[in-house]
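Worksheet: the structure to be examined is printed underneath.
Numbering (the numbering used here), first residue to last: 1270 to 1747.
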């Protein structure tokens, strides 16, 4: 799961003019940005003569010449702005092949490479994606060397992989992070069990004055402490928060929920919570997510948060789908500000009971006209089309129509209803909601999909305002 959510994290906001590396033997490389038509390390400026900098992707392999890469980075450090490090998976790669083809991350040559990154004076983005492995981890002290206090322009640090060290290494890394005054987005993911806590790092990040986007994967088997959760919840300017494997079944969720709701300056718009992993399936079954205090805190947060718009909750440990009912009957019924709700039941032999999904349909039919994206992960049951229908109504402005239809004339009502019928399939810009936006899915479910949808659309609005039809009939007779 950690790697899955890592790929979802956006980065590199804004375009960059860039030059291209000329030495193909140096490293397997690509350069992102506009105007990438050069063949040397020169940089083109904008109309005012300002350099827009270089974005480098280092796809490091077992055979990469690390020393030459380091030398190139040092000689071009003055023009580099973004460093992206990793090795993309090829279509036929399995996990073992992916990890075996990586370089020796703890080598002396690699230490010098991280030091060279630390010497880049105008670094704005540092991204490491799916690097290292359980047998070949990246030392945390190397990460500290890549975060120099001179990086006063660093805005995004995204670190996904296998990292190793001790508490002292974490404290050093925390010290380096605390010296990044412009850091806005921070992500740290790692799939491994270690004998130390990552709390110092998270506490340092939480104290940054500019942090807006935080994605954090706690260090198994050590959950983050309640003091750290409290610090995170009090980040006044935080807009996006992802917490993964951070003891959601304990008191942490209650602390997070009550603090977020009670903070008047809270501007959190997106919340993602992933259930903690257990070392094996037997322990997963012993630690059910249906902890009453945790669920109560989550539903309370969604029900009362004044700022939340997008929510994702991924449950694990063979959770029963009945735990989702309060989100439909309480949270989404009473909070019209939430527009996105995605959830999943992981590692479960059975996903959703039909009566549970029916509560979501009832919520959409009678209470919620603002929820525009609803995803019940892997749900394929009989309520699927009903979910799609009401979500499409909301996406096309049902809330505004319901609030104004009583003031409409018959002609205005007819024009609005008939001209507002959307395409059966949502636009490509909308995210896929369990294939609800997939044309092939709809063709399989419906023989006359367009007719069904249009008639259902008109009938729905006729039921809302039958007096409009009565007026129209009376007018026609007269």
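Glycine residues also receive a C-beta, built at the ideal position from the N, C-alpha and C atoms. Computed from a predicted model, the values in this text were never measured in an experiment.
query	result
Length-filtered (3 minimum) beta strand (DSSP E) runs lying within the segment 1595 to 1677	1609 to 1614, 1642 to 1645
Beta-carbon contacts of residue 1660 that lie in its chain and below 6 Å, excluding the five residues immediately before and after	1643
Contact set for residue 1651: own chain, Cβ-Cβ below 7 Å, skip 5 residues either direction	1623
Pick from 1611, 1628, 1734 that is closest to residue 1598, judged by C-alpha positions	1628
Nonlocal neighbours in the same chain, by C-beta distance under 6 Å from residue 1388, ignoring five residues either side	1346
Boundaries of the beta strand (DSSP E) in which residue 1579 is found, first to last residue	1579 to 1584
Whole-Å CB distance - residue 1386 paired with residue 1342, under 8 Å assumed	7 Å
Residue 1538 to residue 1434 span [Cα, whole Å]	34 Å
Cut-off 8 Å between Cβ atoms - residues of its own chain near residue 1431, not counting five sequence neighbours on either side	1400, 1401, 1402, 1403, 1405, 1406, 1407, 1459, 1460, 1461
Beta bridge counterpart(s) of residue 1454 as assigned by DSSP	1425, 1482
Whole-angstrom C-beta distance between residue 1526 and residue 1570, which should lie under 8 Å	4 Å
When 1328, 1351, 1353, 1349 are compared against residue 1370, the one with the closest alpha-carbon	1328
Distance CB(residue 1455)-CB(residue 1486) smaller than 9 Å	no
Sequence-distant residues of the same chain with beta carbon closer than 6 Å to residue 1730, five excluded per side	1686
Nearest-angstrom Cα separation, counted from residue 1646 out to residue 1391	42 Å
For residue 1391, three-class secondary structure by DSSP	coil
Boundaries of the beta strand (DSSP E) in which residue 1509 is found, first to last residue	1509 to 1513
Cβ-Cβ distance between residue 1578 and residue 1609 below 9 Å	yes
Residue 1343 - DSSP class collapsed to helix/strand/coil	helix
Neighbour-count burial assignment, residue 1497, 16 or more Cβ in a 10 Å radius	buried
Residue 1470: first and last residue of the uninterrupted alpha helix (DSSP H) it sits in	1468 to 1475
Helix, strand or coil at residue 1735 [DSSP, three-state]	helix
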